[in-house]
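Enquirer: Input: one structure, supplied below.
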Amino acid sequence: MAAAIGLNGAKLGTASSQAYLEGKAVKETKALMAELCRHFYSLGWVSGTGGSISIKVHDDSIPKPQQLILMSPSAVQKERMEAEDMYVLSDNGSVLSAPSPKPYPHKPPKCTDCDQLFMKAYEKRDAGAIIHSHGMESCLVTMINPFSKEFRITHMEMIKGIKGHGYYDELVVPIIDNTAHEHQLTESFTKAIEDYPKATAVLVRNHGIFVWGDSWISAKTQSECYHYLFDAAIKLHQMGLDWSTPNHGPIQSARRGLSIAGESNISAKARKDNGDIDPHPRCIVLDIEGTTTPISFVSEVLFPYARDNVGRHLSATYDTAETKADIKLLRSQVESDLEQGIAGAVPIPPDDAGKDEVIAAIVANVDAMIKADRKITALKELQGHIWQTGYANNELEGIVFDDVPEALEKWNALGIKVYIYSSGSRLAQRLIFGKTNYGDLRKFLSGFFDTTVGNKKETQSYVEISQSLGVDKPSDILFVTDVYQEATAAKGAGLEVIISIRPGNGPLPGSHGFKTVKSFSDI
């Protein structure tokens, strides 16, 4: 066997196990890659020798970061590739096995020009497979707005096929500019991965897309969903409809800088002294408790319901993956609480102590957490799942102030995206707005943020939100809350802030310096 050659051409030593390289796992993965490329060719993703694929050789006996990596060759007819055409690389990117040259008119073999990008996805995302497509949809969707740095879409069924996303979530895919050669994309590709931790893909303008997943099945499934969503966005755009808003209504003039035809509908108060139109905020981020919803609904309805039903919920769902994950989170939180001497924390026994003992300890801890009004992810996740049962059984109905639905509809018509940021879990937020005294309001909401982005009283949380929303500047975002400390933190991140004055809200400092409103109709 020849000495291993690194991506830079340097010799790295002799491969230690040629038998493994020629073994069943490697052979099957090579054959799978050839089969997938034939399928991708039929979809138009890898025509004209474009596109590429890389898959790790799955082996339970080898830790994933150390598994062998297979990559397709460059500049070959992808639909005619065979298993022996694939490159085998070590976990650090050194080539362990290369295909043999073929006679004219075939070119000398060369590993994909995407090798450095693939290695970054493996390193930064612990991927199991990466697909690079030149599908027409992935190219055209980046050209609709040649200056956009992101593709955004929401309220489409196929979003559910993207890891970590649901129907009501906003899917955000970063867009980087193309270069003459794919390896020159490495720096901007790496930055996009780092800047968008939730993303499982990166679009390259006028070029295509890179999609990764935990396995080849995940990468393939997501690739199919991305291409579907891009195609839908293109067709919606051709119909004059906005794919990025929840109701996919007509593209609003307000979003395009206000056309002359639309000026007659602009109210006088929206015009400045010099005749210019005051722009609407690009995004509005709303708090829930004391802003869209009475504090009493949370404190007198939701919290008591969760507290009173912890035992029943855990007993009925104890063996489900969801509840096991909730218990794991709570166990970790309680261990931390005990180390810090937090009042009310009691040890949660191990699973082998018995279901009843575990549940009893969790009930005691949750009761103490709710009484202390703790804003912690472990509690919020469990509460969300308990409330989900309550809404499904018609035991709960979300309450919003009377002015909220009309304002949401108005902002949506103006093309202003509205998001929720609450200490409650994203699930709990969707539940409140999905079944309210005014019906399902989720169609007006573009996304949800919870404490996984950070504490609501910390400025960095609002920095994270502004980066996630992709605005040109933080002041393009209006944040509405009833809590002075949250308002101060958001202002520190550069957001515009309004404080909501609602019945039952707590007092504000005498000279807080923020604009206040008693109704969303005043915004």
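UniProt numbering applies: residue 1 is where the sequence shown begins, and numbers increase by one. C-beta atoms are modelled at their ideal positions from N, C-alpha and C, and glycine is treated no differently. Just so you know, these numbers come straight off a predicted model, no measurement behind them.
Can you give me the start and stop residues for the alpha helix (DSSP H) that K457 sits inside?
Expert: Note, K457: premise wrong, no alpha helix (DSSP H); not H, not E.
Enquirer: Y122 to L70, Cα distance in whole Å?
Expert: Cα to Cα, Y122 sits roughly 12 Å from L70.
Enquirer: Where do the ends of the beta strand (DSSP E) carrying C283 lie?
Expert: Per DSSP, C283 belongs to the beta strand (DSSP E) from 283-286.
Enquirer: In or out: P99 buried (at least 16 other Cβ within 10 Å) or exposed?
Expert: P99 should be labelled buried.
Enquirer: According to DSSP, simplified to helix, strand and coil, what is Y167?
Expert: Coil.
Enquirer: To test your reading of the DSSP string, which unbroken alpha helix (DSSP H) runs of 4 or more residues are found completely within the stretch 125-160?
Expert: Correct list: 136-140.
Enquirer: Assuming contact is defined by CB atoms lying nearer than 9 Å, are K191 and I176 in contact in what I supplied?
Expert: For K191 and I176, yes; Cβs fall inside 9 Å.
Enquirer: Once the 5 residues before and after V57 are set aside, which same chain residues still bring their CB inside 7 Å of it?
Expert: Cβ neighbours of V57 beyond the five flanking positions: A25, V26, T29, Q67, L68, L70.
Enquirer: Please report the straight-line C-alpha distance between R442 and T292, rounded to a whole angstrom.
Expert: Approximately 13 Å between the Cα atoms of the pair.
Enquirer: Given E170, which residues of its chain have a CB within under 7 Å of its CB, disregarding the five upstream and five downstream residues?
Expert: Result list for E170: R152, T154, S446, G447, in chain order.
Enquirer: Go ahead and pull the three-state DSSP assignment for S52.
Expert: Here S52 sits in strand by DSSP.
Enquirer: Between the alpha carbons of residue 534 and L140, how many angstroms are there, rounded?
Expert: Nothing can be reported for residue 534: it is not among the residues displayed for the chain, which extend from 1 to 523.
Enquirer: Could you tell me the boundaries of the alpha helix (DSSP H) in which W212 lies?
Expert: Run containing W212: none in the alpha helix (DSSP H); it sits in the beta strand (DSSP E), 208-213.
Enquirer: Mapping the DSSP letters down to three states, classify T516 as helix, strand or coil.
Expert: Of the three classes helix, strand and coil, the one that applies to T516 here is strand, per DSSP.
Enquirer: Under 6 Å Cβ to Cβ from R256, same chain only, skipping five residues before and after it: list those, please.
Expert: The predicted model places R256 with a pLDDT of 39, which falls under 50 and marks its position as unreliable; any figure quoted below should be read in that light. Counting only Cβ-Cβ distances below 6 Å, and skipping sequence neighbours, we find nothing.
Enquirer: Indicate whether N206 and N178 have their beta-carbon atoms separated by less than 9 Å.
Expert: Contact flag set, yes.
Enquirer: How should L302 be labelled, buried or exposed, when 16 other C-beta atoms within 10 angstroms of its C-beta is the threshold for buried?
Expert: With 16 or more Cβ atoms within 10 Å of its Cβ, L302 is classed as buried.
Enquirer: Counting along the chain, where does the beta strand (DSSP E) carrying S188 start and finish?
Expert: Premise fails: S188 lies in the alpha helix (DSSP H), 186-195, not in any beta strand (DSSP E).
Enquirer: Cβ of R502 within 9 Å of Cβ of F401?
Expert: Yes, they are a contact pair.
Enquirer: If you measure between the beta carbons of V366 and R426, is that distance less than 9 Å?
Expert: Cβ distance not < 9 Å, so V366 and R426 don't count as in contact.
Enquirer: Can you list, in chain order, the residues of its chain with a C-beta nearer than 6 Å to that of residue 576? Leave out the 5 residues immediately preceding and following it.
Expert: What is shown of the chain runs 1 to 523, which leaves residue 576 out entirely.
Enquirer: To which residues does DSSP link F449 through a beta bridge?
Expert: BP columns for F449 point to Y421.
Enquirer: Please report the distance separating the alpha-carbon of E157 from that of Y167.
Expert: Distance between the alpha carbons of E157 and Y167: 6 Å.
Enquirer: Mark L414 as exposed unless 16 or more other C-beta atoms lie within 10 angstroms of its C-beta, in which case mark it buried.
Expert: L414 should be labelled exposed.
Enquirer: If you follow the alpha helix (DSSP H) that A31 is part of, which residue opens it and which one closes it?
Expert: Looking at the DSSP string, the run of the alpha helix (DSSP H) that includes A31 is 24-43.
Enquirer: In terms of alpha-carbon separation, which member of L478, A378, E486, L21 lies closest to K457?
Expert: Checked all of L478, A378, E486, L21; the closest Cα to K457 is E486.
Enquirer: Leaving aside the five residues before and after P507 along the sequence, list all residues of the same chain whose C-beta is less than 6 Å from its C-beta, in chain order.
Expert: Cβ neighbours of P507 beyond the five flanking positions: none.
Enquirer: Would you mind working out which of S133, S61, S52, G344 sits nearest D85, comparing C-alpha positions?
Expert: Closest option to D85, Cα to Cα, is S52.
Enquirer: Taking 8 Å as the threshold, find out whether the stretch 308-320 comes into contact with the stretch 377-393 through three or more Cβ pairs.
Expert: Yes, since at least three Cβ pairs between the stretch 308-320 and the stretch 377-393 fall closer than 8 Å, the two stretches touch.
Enquirer: What does DSSP give as the partner residue(s) for L478 in the beta ladder?
Expert: In DSSP, L478 forms a bridge with I284, E496.
Enquirer: Could you check what DSSP says for V363 in three-state terms: helix, strand or coil?
Expert: If DSSP states are grouped into helix, strand and coil, V363 belongs with the helices.
Enquirer: So A219 and I130 are in contact, right, with Cβ under 8 Å, and what is the actual spacing, rounded?
Expert: The pair is a contact, with the Cβ atoms about 6 Å apart (cut-off 8 Å).
Enquirer: Identify, in the order they occur along the chain, each residue of the same chain with its Cβ nearer than 8 Å to the Cβ of F40, setting aside the five sequence neighbours on each side.
Expert: Closer than 8 Å at the Cβ level, and outside the excluded window around F40, lie V46, G51, I53, K78, I131, S133.
Enquirer: Can you tell me which of T451, D403, E224, K473 puts its alpha carbon nearest to the alpha carbon of N437?
Expert: Of the listed residues, the one whose Cα sits closest to N437 is D403.
Enquirer: For A268, which residues in the same chain have their Cβ closer than 6 Å to its Cβ, ignoring the five residues on either side in sequence?
Expert: Residue placement at A268 is flagged as unreliable, the pLDDT there being 37, under the threshold of 50; the coordinate-derived value follows with that caveat. Cβ within range, chain order: n/a, list empty.
Enquirer: Who pairs with M71 in a beta bridge, going by DSSP?
Expert: M71 pairs with S54, Y87.
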